[in-house]
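Heads up, the thing below is written out as structure tokens.
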Amino acid sequence: MAGIGFALRTLVERDDLSARLQGYGHAAIVAAGPWLFTVVALAAFEAATKGILDREALSRVTAILIYNFSFSLVFSGPIVMVLTRHLADLLYARQAEEVPGVLIGALVLLWGIQAPFGIAFVTLVLDLSAAESLLALLGFLVTGGIWLACVFLSALKNYRSISLAFALGMLVAFAAGTYLSPLYGEAGALAGLTLGLAVIFYCLLGCILAEYPYGIRNPFGLLPSFRKYWDLACVGLFYNAAIWVDKWIMWLSPDGQSVAPGLITNPSYDSSMFLAYLTIVPALILFLVSIETRFFEQYVAFYRDIQNHATLQKIRQNHKLIMSVLGEGVRNIAIVQGIICYMAILVAPGLIGLAKGGIELVSMFRFGVLGAFFHTLLLFAMIVIAYFDLRRILLCVTCLFFASNAILTLAFIPFGAPWTGYGYFLASLLSFAVACLAGIWCITRLPYMTFIANNRGLH
Amino acid sequence: MVENRNTTESEADVCLIVEGAYPFVAGGVSSWMHDLIQAQSHVTFHLLVLSADDSPKTSRFTLPSNVIGMTEIALQQASDRVPIVSGRQNIAKDIEEPMTRLFERGGLTDFRQLLDVLEKHGPNVSRSSLLNTEAVFAMVERMYERSTPGSSFINYFWSWRALAGGLFSVLLAKLPRARIYHAISTGYAGIAMARAVLTTGRPGLLTEHGIYTNERRVEIAMADWLSDQMPSSLDIEGRRRDLRDVWIDAFTGYARTCYEACSRITTLYTGNQVLQSRDGAPAEKLQIIPNGVNYDGFSKVPRDPSPRRPTVALIGRVVPIKDVKTFIRAAALLRDMVPDVRVLLLGPTDEDPEYFHECRQMVAHLGLENTFEFSGRVRLQDYLGNVDVIALTSISEAQPLVLLEAGAASVPSVATDVGSCREILHGRTDEAPALGPGGFVTPLSNPLATAKGLADLLLDENLRKQYGEAIRARTEKYYNKRVVDGLYRDLYHDHLEMPERASLAVEGV
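Quick mapping for you: the protein sequence lines, in order, are chains B and D.
When the letters of the first sequence are read in order and numbered with my numbering, they come out as residues 403 to 861.
When the letters of the second sequence are read in order and numbered with my numbering, they come out as residues 29 to 537.
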């Protein structure tokens, strides 16, 4: 007679913990890296070409660069998120030989989506010379490729190579830009930039293929993961769109400037926001350090102990430790970042003066700093939520961030310059508050969430 | 959800409740049920089949025409998605007390309370509300703290879900209507029967072939994952309570519930009754109904009078549980006691090829090629007339029919002291008039005792005839299929006639 044999057989423990660790271990870098790189690259470009290009040419090239970064990030967002999980799953299943195939498949997919939009935009909307069009388009594709390649390298935890690649690429862009701009003007500057990006891209590709020296097989093995992790794909899309949506709206606002046919930006808004973003660097470093050390340890201990047959008492103790580590981490980051934020607001006029901005930028910058403060905390809250694999909550929060950033930015346009940036600030504050509450709500119930509500072994 | 394949809604005479056997699994119990249904052709049956999961299964039997309906309940079902904010938490509070007690070797009182709670909360109670809410999780935590606070929580959690999941599947499923609920084991089948008895007021019967709780004990003892990784050397008090106890206590609670709910508990032989009593079966409900054999057919097998070698046979598959090796060793000894003896093994040899290979090596090694034969699968009637004594060396049996089939043909046996062998060969203690021994009972794995018993019967023709007559008479009187069918007919008859008991009115509650 069949007895509990069935029960004994089906009670296999599921373990997707390692995959999850792989997947979210470096989410902060993957999420904030491109964000900061954009700012740094723009600043470096302006510094490099100052005095070589005239003001109008400079703003045109800057605009092209911003467009590239902005839209490549949004297009690559969903693929990057799914790819991160897919890659972690592959590595966990010891199928590293599929990595080169996945890389190619993901690039083909990304470029297959980017290219039609890019070509249509460049040819139908913009009015550039053939050389400029081609370079702009190439830059667009290569930038997307870079975001994608970073996923593989963060899975490798190969930060030295990433940093070196970016440093080298920036250097090439700088040198080539300085050399080519006087000769060919705008096209020269663009060519220099694109070359620099290409160098970064090829260096990254080189690192990946050196680490995974296998032939290409099953290049579209990634596609089924889109169905499995569709929520992550949406998170990637909404989050990246949320970062940019306030800028897009400000471009289209009455203050937006058309630097070339079809190329609209809002230089004052953009530059004050970009400058404000730089203030998050200390918090980011702090977060990486505390994630890499204490929280990560506690997180692993919590799940490993459960799988290693810990008693309930031990599980509760681990749970308490996670909460206290998180609480402490949040407190530290909030204090440090709060101080930086406060100082940045204090010295805003001086900073803006240094950057030769108008006085109307001061309030924008201040809101930007506050917005970036909460945006950073939101990012951290999201990463913690992602660690616990609460994907639905993540999705809700990113949707909220996107929607609130769009609506609030739009809502404050009529109030004019003094209120510019207030929408972004409110949106990040609101989204952070929601993410924080949702996160706390779940994490205080972590054992229940782990065993029942979020236990995929049950469903 | 629960698969509920009602082929008809009309009330059956008997609802047979079976867990993981008939009609989807072939085997001893399944064949027995098939025979039972056919033998009681005047009674209509509804099958309530409890399966491990809801995967589709194919029937191994053609259901007899008096089976008027079949309902299938999957014990383990995949959960619906859990809403992160779950409502209806209060049911957990109400079920906690009876659940805790039922899992601690509780009984019908606790089970009835559990049923009351479900009743009170109405038709909206779902598996999910009983398994997946935060309040239920808190209850699981408390039950863990009470029972095995030092053991692996993840194992407790999965164990609890398996045990309670099956219980809730049975409690929430729609039960077919019938005048008698007859469970073919305790466990979940017994729980389903207890529920039917409590809610319909109709009588319940239980027939146990093997003792479910005991089988689970063996299974659980062998489940490595249930053992704790905690260092046991720290325990001075001996073995600490661990998850095995959780499982066994829950199954004991289920068995008690079933024993207390039903009106009659039948089993094959007295040995089982000891185990039933230990798990709480009231003595006055116990009854023995052995399996019957086709006495009329086997008693007509003629003895072959022509001169031949003295012949011994073991009838059974060549598998370790039959301990064929002891039989081969006994054959070697027997050859020295009875010159020219012929030893047969009648039964399929393909089930465990490795074991068969070892047995053949042993035959060769002992130089038994001219004595010992593996005859393969045969028709017993063709051989029985030429066999003088039957041997049985099994290390485990319930009620071996071969002793009775041979007995019907007046062939005595030498059998190990397992299952009901002693009862078959020596008669039950309440046998009146005593019919005398029908063979010898030997210790397990004892080739010398087996050989000696066989030699005694082979060498002494009078003894052989006397024992053969005794076993024939006993088989005719107690193990004749017609007699046994009559016992079941009476059992059903008595209970079909019983008036409805007021629902939920349970003695001692």
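The beta carbon of each residue, even a glycine, is placed where N, CA and C say it ideally should be.
Going by beta carbon distance, what residues of the same chain come within less than 8 Å of residue i, once the five residues before and after it are set aside?
{"i": "V512/D", "result": "I317, P318, N319 and G320"}
{"i": "L142/D", "result": "I123, P126, M127, L130 and L199"}
{"i": "D332/D", "result": "G413 and N414"}
{"i": "F477/B", "result": "L512, I515, Q516, F519 and G546"}
{"i": "F804/B", "result": "F640, Y641, A643, A644 and V647"}
Using beta carbons (cut-off 7 Å, strictly below), is residue i in contact with chain B?
{"i": "L44/D", "result": "no"}
{"i": "S260/D", "result": "Legend: pLDDT at S260/D = 46, less than 50; position of this residue unreliable, value from coordinates given subsequently. Not an interface residue."}
{"i": "E162/D", "result": "yes"}
{"i": "D263/D", "result": "For D263/D, the predicted structure reports a pLDDT of 49, less than 50, and the residue's modelled location is therefore unreliable. The matter cannot be settled from this model."}
{"i": "A40/D", "result": "no"}
Hey, residue i and residue j are a contact pair by Cβ (cut 8 Å); roughly how many whole angstroms apart?
{"i": "G587/B", "j": "L455/B", "result": "7 Å"}
{"i": "G571/B", "j": "L582/B", "result": "Not a contact, Cβ separation roughly 15 Å."}
{"i": "Y282/D", "j": "T354/D", "result": "Wrong, their Cβ atoms sit about 37 Å apart, outside the cutoff."}
{"i": "I735/B", "j": "A783/B", "result": "That pair is no contact at about 11 Å."}
{"i": "I840/B", "j": "V799/B", "result": "For clarity, residue 840/B is Ala in the given sequence; the question names Ile instead. The Cβ separation is near 7 Å, so the contact holds."}
{"i": "E397/D", "j": "V391/D", "result": "7 Å"}
{"i": "V527/B", "j": "F603/B", "result": "Not really, about 25 Å apart at Cβ, beyond 8 Å."}
{"i": "T280/D", "j": "T241/D", "result": "6 Å"}
{"i": "I742/B", "j": "T681/B", "result": "6 Å"}
Is residue i close to chain C? Criterion is C-beta to C-beta, closer than 7 Å.
{"i": "Y494/B", "result": "In the displayed structure, chain C is absent; the protein chains listed are B and D."}
Between residue i and chain D, is the shortest Cβ-Cβ distance under 7 Å, so that the two count as touching?
{"i": "T525/B", "result": "no"}
Along chain D, in chain order, which residues have C-beta atoms closer than 7 Å to that of residue i?
{"i": "L853/B", "result": "The sequence as given places Phe at residue 853/B; Leu does not occur at that position. Simply F165 and F185."}
For a contact meaning CB atoms closer than 8 Å, what does residue i contact in chain B?
{"i": "G178/D", "result": "T713"}
{"i": "Y172/D", "result": "L714"}
Take residue i and list the residues in its own chain whose beta-carbon comes closer than 6 Å to its own, dropping the five residues that flank it on each side.
{"i": "P480/B", "result": "A635, G638 and L639"}
{"i": "H523/D", "result": "I208 and P231"}
{"i": "R345/D", "result": "G375, P376 and E379"}
{"i": "F402/D", "result": "L373 and T377"}
{"i": "F554/B", "result": "I610"}
{"i": "S461/B", "result": "V661"}
{"i": "P310/D", "result": "none"}
{"i": "L429/D", "result": "V321"}
{"i": "R858/B", "result": "none"}
{"i": "Y641/B", "result": "T800"}
{"i": "S473/D", "result": "T354"}
{"i": "L342/D", "result": "F355, L373 and A419"}
Residue i touches chain B at which residues, Cβ-Cβ below 9 Å?
{"i": "F181/D", "result": "I708, H711, A712, T713, L714, Q715, K716, I717, P849 and F853"}
So with CB distances below 7 Å, who are the chain B contacts of residue i?
{"i": "E169/D", "result": "L714"}
Identify, in the order they occur along the chain, each residue of the same chain with its Cβ nearer than 7 Å to the Cβ of residue i, setting aside the five sequence neighbours on each side.
{"i": "N94/D", "result": "I65, S69, V71, T72 and F73"}
{"i": "L723/B", "result": "Q700"}
{"i": "G455/D", "result": "A462, L463 and R502"}
{"i": "S38/D", "result": "I96"}
{"i": "A508/B", "result": "I481, L485, L550 and L624"}
{"i": "H149/D", "result": "I119"}
{"i": "G299/D", "result": "G447 and S448"}
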